[in-house]
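Mapped onto mature numbering (1 follows the signal peptide of the UniProt record, and there is no 0), the consecutive letters of the sequence shown carry residue numbers -18 to -1, 1 to 163. Built from N, CA and C at the ideal position, the CB exists for glycine as well. Just so you know, these numbers come straight off a predicted model, no measurement behind them. Please read the structure below before turning to the comments.
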Amino acid sequence: MLFGTLAVISSLPLLAFGARFKRATPESFGLYAYGDGLGGIPLFYSGGFAYIGEPGKLNSTDAAVVQFSLGDDNSWIGSPNVTIPAGSNVTWSNATFFVPADGASDTRVGFETGTTISDNVTATGFVFYGNNAMRTQDGQLVSLWSALQVSDRVHALYWNDTSQGQQPVMLRSLPPSNPDN
């Protein structure tokens, strides 16, 4: 009897190693771009579109780094980070993050600020695989993010498009370990 009990107890750690746990999406998170020459630069909002880089380098008064929260059906809702730079005129909040729908002519990633979502965008299905931001599409996990430099230290974010010289990037919820000062 004692041997049987010890055998069961000693096998419990092995069962734990074999268990698979789905990583839960954090309640609040930022996104950071990693890729060729991009070491974890933040995602920010400007004029309804998503950019990566330094908001202050873009000539926009509504530009601000985005802090995300969870919405319905794996949607992500963005609001300005609380550390908005002086001189900003940020009036947006609770903006729904989107990627263009299949076949859309505009492939930029952005935000919808109204109560309805346009037909030419997709605003659901966002998930994390570890710390990597992805979408579920036709039962598959996909990561089709790309970025095009539009000014010094600013890149426009695209989905499934490299036709203008965009470079593939990975969006992660993990900030860089040593951010630039």
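Between the alpha carbons of residue i and residue j, how many angstroms are there, rounded?
| i | j | result |
| --- | --- | --- |
| Ser155 | Val136 | 19 Å |
| Tyr111 | Leu13 | 13 Å |
| Ala32 | Gly121 | 25 Å |
| Ser159 | Glu36 | 17 Å |
| Asn142 | Gln131 | 16 Å |
| Phe108 | Trp127 | 12 Å |
| Asp134 | Leu20 | 13 Å |
| Asp88 | Ile99 | 15 Å |
| Gln49 | Gly17 | 21 Å |
| Val47 | Gly38 | 10 Å |
| Thr73 | Thr97 | 16 Å |
| Ser125 | Leu40 | 26 Å |
| Gly53 | Gln146 | 32 Å |
| Leu123 | Pro8 | 18 Å |
| Ala138 | Ile34 | 6 Å |
Among all the DSSP beta bridges, which residues are the ones paired with residue i?
| i | result |
| --- | --- |
| Gly60 | Phe50 and Ala77 |
| Ala138 | Tyr33 and Leu130 |
| Ala15 | Ile23 and Leu153 |
| Gly92 | Phe31 and Phe80 |
| Ser125 | DSSP output for Ser125 lists no bridge partner at all. |
| Gln119 | Gln122 |
Which residue from the options puts its Cα closest to that of residue i?
| i | options | result |
| --- | --- | --- |
| Thr144 | Pro158, Thr97 and Arg90 | Arg90 |
| Gln148 | Ala129, Gly17 and Pro157 | Ala129 |
| Asp44 | Ser61, Ser57 and Asp55 | Ser61 |
| Asn113 | Leu153, Trp58 and Val72 | Leu153 |
| Asn71 | Leu139, Ser57, Val124 and Ser42 | Ser42 |
| Asn63 | Ser57, Gly53 and Ala77 | Ala77 |
| Trp58 | Ala115, Ala86, Ile34 and Thr73 | Ala115 |
| Ala86 | Tyr140, Pro8 and Leu40 | Tyr140 |
Assuming residue i and residue j make a contact with CB atoms under 8 Å, what is their CB distance in whole Å?
| i | j | result |
| --- | --- | --- |
| Val151 | Ala15 | 5 Å |
| Ser51 | Ser10 | 5 Å |
| Thr118 | Asp55 | The pair is not a contact, with the Cβ atoms about 10 Å apart (cut-off 8 Å). |
Under 8 Å: do the region 11 to 24 and the region 81 to 98 share three or more Cβ pairs, one atom per stretch? Flag = no, the region 11 to 24 and the region 81 to 98 do not touch.
With three or more beta-carbon pairs closer than 8 Å as the criterion, would you say the region 26 to 43 touches the region 92 to 111? Cβ pair count under 8 Å is three or more, so yes.
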